[in-house]
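Visitor: Heads up: the sequence shown begins at -12 in our numbering, then just goes up one per residue.
Beta carbons are placed, not taken as given, at the ideal position from N, Cα and C, and that holds for glycine.
I am attaching a structure below and will ask some questions about it afterwards.
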Amino acid sequence: MLYSIISEDNIVEEDEMKQKKEVEINGVTMEVDLDNPYSGKVTRIISSNPQDYLNNQLGTKVKFGPDFE
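Shown next as structure tokens:
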């Protein structure tokens, strides 16, 4: 994990960066590094509820369905 005020785009080369997607699973918004279009690994939990951080862990593999917009 990298903590910096400099954008990740400026630090890491493009081929090292994985595709990321924001998804909502069980009412919790998460940022996921995509393995394929419908699954990936949780890299960030976006919530103000502390319980969401106890119920979900970073690095957990998750599956989700397609977005219908």
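#1: How would you call G14, buried or exposed, if buried means at least 16 neighbouring beta carbons within 10 angstroms?
#2: Among the residues of its own chain, which have a CB less than 6 Å from the CB of I33, if the five just before and after it don't count?
#3: Got a sec, what are the start and stop residues for the beta strand (DSSP E) I(-8) sits in?
#4: Tell me where the alpha helix (DSSP H) around L21 begins and ends.
#5: How close, in whole Å, do the beta carbons of D20 and T30 come, if the pair is a contact with beta carbons under 8 Å?
Guide: Short version:
#1: Translated into positions along the sequence shown, residue 14 becomes position 27. Label assigned to G14: exposed.
#2: In the sequence shown, the residue the question calls residue 33 occupies position 46. So the list reads T16, once near-sequence residues are dropped.
#3: Position 5 of the sequence shown, counting from 1, holds the residue named residue -8. Element bounds for I(-8): n/a, residue is neither H nor E.
#4: Translated into the one-based positions of the sequence shown, residue 21 becomes position 34. That residue, L21, is in no alpha helix (DSSP H); its beta strand (DSSP E) goes 15 to 23.
#5: As a working note, residue 20 is residue 33 in the sequence shown. As a working note, residue 30 is residue 43 in the sequence shown. Yes, they are in contact, since the Cβ atoms of D20 and T30 sit about 5 Å apart, within 8 Å.
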